[in-house]
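Position 704 (the sequence shown) corresponds to 1738 in my numbering; numbering is contiguous.
See structure below.
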Amino acid sequence: MRKYKAIYSVLFVFLSMVVFSQNEKESPVYKNPKQDIEKRVDDLLSRMTLEEKVYQLNQYTLGRNDNKNNIEEVLKQKPAELGSVIYFNNDPKLRNEVQRQAMEKSRLGIPMIFGYDVIHGYRTVYPISLAQACSWNPELVEQACAVAAQEARMSGVDWTFSPMIDVARDGRWGRVAEGYGEDPYTNAVFCVASVKGYQGKDMSDPKKVAACLKHYIGYGASEGGRDYVYTEISAQSLWDTYMLPYEAGVKAGAATLMSSFNDISGTPGTANAYILRDILKNRWKHDGFVVSDWGAIQQLRSQGVAGDKKEAALKAFTAGVEMDMMNNCYDMHLAELVKEGKVPMSMLDDAVKRVLRVKFRLGLFENPYTPETDEKERFLLPASLKIAEQLAEESLVLLKNENNTLPLSGQTKIAVIGPLAKSRWHLLGSWAAHGNTDDVITIYDGLETELGNNVQLSYAEGCAFDGNDTSKFAEALDAATKSDVVILCLGEKKDWSGENASRSTIALPKIQEDLVMELKKAGKPLILLLSSGRPLELNRLEPLSDAMVAIWQPGIMTGKAVAGILSGRVNPSGKLSMTFPYATGQIPVYYNARQSARTHQGNYQDIPTIPLYEFAHGLSYTNYVYSDIKASATTIKRGDKLSFEIAVTNAGKMDGKETVHWFITDPVSTISRPVKELKYFEKKLLKAGETRVYRFEVDLMRDFAFVDSTGKRFLESGDYYVMVKDKKIKIELVD
Ligand code: NOJ
1035 MRKYKAIYSV LFVFLSMVVF SQNEKESPVY KNPKQDIEKR VDDLLSRMTL
1085 EEKVYQLNQY TLGRNDNKNN IEEVLKQKPA ELGSVIYFNN DPKLRNEVQR
1135 QAMEKSRLGI PMIFGYDVIH GYRTVYPISL AQACSWNPEL VEQACAVAAQ
1185 EARMSGVDWT FSPMIDVARD GRWGRVAEGY GEDPYTNAVF CVASVKGYQG
1235 KDMSDPKKVA ACLKHYIGYG ASEGGRDYVY TEISAQSLWD TYMLPYEAGV
1285 KAGAATLMSS FNDISGTPGT ANAYILRDIL KNRWKHDGFV VSDWGAIQQL
1335 RSQGVAGDKK EAALKAFTAG VEMDMMNNCY DMHLAELVKE GKVPMSMLDD
1385 AVKRVLRVKF RLGLFENPYT PETDEKERFL LPASLKIAEQ LAEESLVLLK
1435 NENNTLPLSG QTKIAVIGPL AKSRWHLLGS WAAHGNTDDV ITIYDGLETE
1485 LGNNVQLSYA EGCAFDGNDT SKFAEALDAA TKSDVVILCL GEKKDWSGEN
1535 ASRSTIALPK IQEDLVMELK KAGKPLILLL SSGRPLELNR LEPLSDAMVA
1585 IWQPGIMTGK AVAGILSGRV NPSGKLSMTF PYATGQIPVY YNARQSARTH
1635 QGNYQDIPTI PLYEFAHGLS YTNYVYSDIK ASATTIKRGD KLSFEIAVTN
1685 AGKMDGKETV HWFITDPVST ISRPVKELKY FEKKLLKAGE TRVYRFEVDL
1735 MRDFAFVDST GKRFLESGDY YVMVKDKKIK IELVD
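So this is what it looks like as structure tokens:
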């Protein structure tokens, strides 16, 4: 009996082992969704060949790229093992075909990740990022990004190359349109909002995408505002100006980053081990991956730090760029570099793990395919349009409003003039993804619907965007003369900003300025609507106008939002996220400059030294009255709690939303600090006659301390000032 028992036991163990290894064959750990992601990553990695590993680190394009800077034809030859593609199409079917190849034809069935530039909306295009920041409404921006994520993921995109959080202070640079302006804190706040909107709590949600912080780092410091060129960034400004938004984005869980094109004081961003490895991976413990910008690895040759593509691959990879976007450097050379011992296998493994980790987090192994839904189920949903409309409304900035020219009241004849009055295309802004001109409500149409039959609208183009053809001036002047008020829609073309779209001056072309002078002859109130992807030089137009509104590039809901503001249905609440210089020659000009040695001297001889419109400038139709600032204490010690309050009263007749910006100044410190630094902001709705209290809870280390050139924070004793508009309070920090 005992003998039989022993035989049975041995048989049982043997059979269990057979069944287990059979199961294991059928369902290895990496395919088991119940397993921990790290275990799945390790298991998959352990099964991969060198070549399979290298393929995971490459990204090709699929579909026709319509970005004229990165033209690439439909992908013809693509290995099934490829890690990623940029997906220019918006049809889930094509994605699924390609993905099927990866899932079924590759040995291990590793899904590809499909990336795309979803920068300010996918099909429901909302305002450009520079404008979004003028809303000072991060919750709304989060909602807008969630709309973009839903439309994109349902169309086959898993990963957006957004947000761009390059602090930018030179309006000539075309890419200022893509970021949140000149201030590090503002960029940090909107960065976090957009990461939350894109990724949500769980990226495997079929309506969420992975985010990508870009362009790491300092791209916005391009010399002369030219794209792709050298940037001179000291270690000190690297930390106190450029790092904050990235650190915030990494903390918020951004899955990926993109390495930048620019040369950072001698070491290009794409070969910069200090920022990519020491800071991002070692200090901040980012466990996702870094993708190069398009062609940025091979461009290390043009930048003079690599002799050939192989060396470029070696430099970028060892610095910490895990994925090669359209360089053919890693697919051609990485395996060879590993075999030669120049790239350690452990480094390759770490890179592959990072890419796989993001794919697992996106749920791509479980759900590699996109449900093939109809466009109607994905795009332009009523709730999405509402968000795009509100964001457009809140991002418009009323720059000037003399004699309460706005809102319109009682006029029955309105002339709508200018090259942008009936434009659709230019209001979409750069990087408009799958934005469709048919979806755009023009300014003219928006006004017509808003103002109804009681108002007679006339239209004249007046002039083209540029050139010197004045032949349409007369018709425009005639329309202006016959009207009660003139709405003049001027500004930039869509492709005057964005990538590779620098301008030497940020003034409007002379023909547009001449049109304003011409229409002045009609003697009617002139309202200028200015659409642009950057701040503008307005010193010649300002005196000619009665009211001016910076409308940026507001996206598909432009007409509705503009009409709402002009009619007074909506009270403007936008405030500038970037300074409007008096003239281009003032650039760089930004509110948070460091103090000059002589504040009473050093001015320009030919133009004013102060900008025309400062950061945070923006008017409303109501009148807000600010109390003095109240502090919980004026003398404090380290570790003490500190908070401030200010009461704001809406003393006008119209409800409005008011943003309070809290700045600090540290007049004497070991390093010279900016004259003012934004530390907190909050926007609240104030009903007419209502008073509300705004509160700023201080974290001394975060808000009063300074960061040094290594990223260390120091809190020094001494005097600090906390400021809101012209209100100021002194705080003494004692030891
Ligand atoms: C180049 C741009 O610099 C970057 O922002 C973009 O994400 C890539 N091209 C991909 O289109």
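Don't be surprised by glycine CBs; every beta carbon is placed ideally from N, CA and C.
Only a predicted model underlies this, so the values are computations on that prediction, with no experimental measurement involved.
Nearest to residue 1327 by C-alpha distance, out of 1368, 1312, 1262, 1379, is 1262. Contact annotation: residue 1597 and residue 1484 have beta-carbon atoms nearer than 7 Å.
If only uninterrupted beta strand (DSSP E) runs of at least 3 residues are considered, those enclosed by the segment 1146–1208 are 1147–1150. Residue 1200 and residue 1738 have their C-alpha atoms roughly 23 Å apart.
Selection 1204, 1493, 1089 evaluated against residue 1119 yields 1089 as nearest (Cα-Cα).
Looking from the CA of residue 1194, the closest CA among 1229, 1724, 1299 belongs to 1229. Taking non-hydrogen atoms of ligand 1 into account, the C-beta of residue 1195 is found less than 6 Å away from one of them. Distance from the CA atom of residue 1721 to the CA atom of residue 1691, rounded to whole angstroms, is 8 Å.
When only Cα atoms are considered, residue 1757 and residue 1712 end up about 9 Å apart. Placement of the Cβ of residue 1327 at a distance of less than 6 Å from at least one heavy atom of ligand 1 is found.
Taking the CA atoms as reference points, residue 1429 sits about 8 Å from residue 1588.
Taken atom to atom, the span from the alpha-carbon of residue 1540 to that of residue 1323 is near 37 Å.
Excluding the 5 residues flanking it on each side, residue 1493 has same chain C-beta neighbours closer than 8 Å at 1449, 1450, 1451, 1455, 1456, 1478, 1513, in chain order.
Rounded to whole angstroms, residue 1537 and residue 1295 show a C-alpha spacing of 19 Å.
Membership of residue 1479 in the alpha helix (DSSP H) is indicated by the continuous run 1477–1485.
Restricting attention to beta strand (DSSP E) runs no shorter than 3 residues, the segment 1683–1719 encloses them at 1690–1699, ordered along the chain. Looking at the backbone, the Cα of residue 1174 and that of residue 1504 are separated by about 42 Å.
With a beta-carbon spacing of about 6 Å, residue 1289 and residue 1245 fall inside the 8 Å limit used to define contacts.
The beta-bridge partner set that DSSP reports for residue 1725 consists of 1683.
Excluding five sequence positions before and after residue 1723, the CB atoms of its chain that fall closer than 7 Å to its own CB belong to 1684, given in chain order.
With fewer than 16 other beta carbons inside 10 angstroms of its own, residue 1731 counts as exposed. A direct Cα-to-Cα measurement between residue 1440 and residue 1434 gives close to 9 Å. Annotation for residue 1292: the continuous beta strand (DSSP E) segment containing it runs 1290–1293. Collapsing the DSSP output to three states places residue 1536 in coil.
Taking the Cα positions, residue 1298 is about 21 Å away from residue 1535. Listed in chain order, the non-local C-beta contacts of residue 1621 below 8 Å within the same chain comprise 1203, 1204, 1205, 1206, 1259, 1540, 1615, local neighbours out to five positions each way being set aside. Separation of the CB atoms of residue 1124 and residue 1189 is rounded to 5 Å, and the pair is thereby assigned contact status at 8 Å.
Between ligand 1 and the CB of residue 1151, the shortest heavy atom gap is smaller than 6 Å. The beta carbon of residue 1568 lies closer than 7 Å to those of 1205, 1210, 1211, 1531, 1540 in the same chain, with the five residues before and after it left out. Counting only runs of at least 4 residues, the segment 1434–1505 fully encloses the following alpha helix (DSSP H) elements, listed from N- to C-terminal order: 1477–1485. Going by DSSP, residue 1669 is part of the beta strand (DSSP E) stretching over 1669–1671. The alpha carbon of residue 1701 has as its nearest neighbour, out of 1761, 1349, 1740, 1152, the alpha carbon of 1740. For residue 1512, the enclosing alpha helix (DSSP H) covers residues 1507–1515.
Residue 1418: not part of any beta strand (DSSP E); member of the alpha helix (DSSP H) spanning 1416–1429, first to last residue. Excluding five sequence positions before and after residue 1130, the CB atoms of its chain that fall closer than 8 Å to its own CB belong to 1190, 1403, 1404, 1406, given in chain order. As computed with DSSP, residue 1118 is found in a beta bridge with 1093, 1147.
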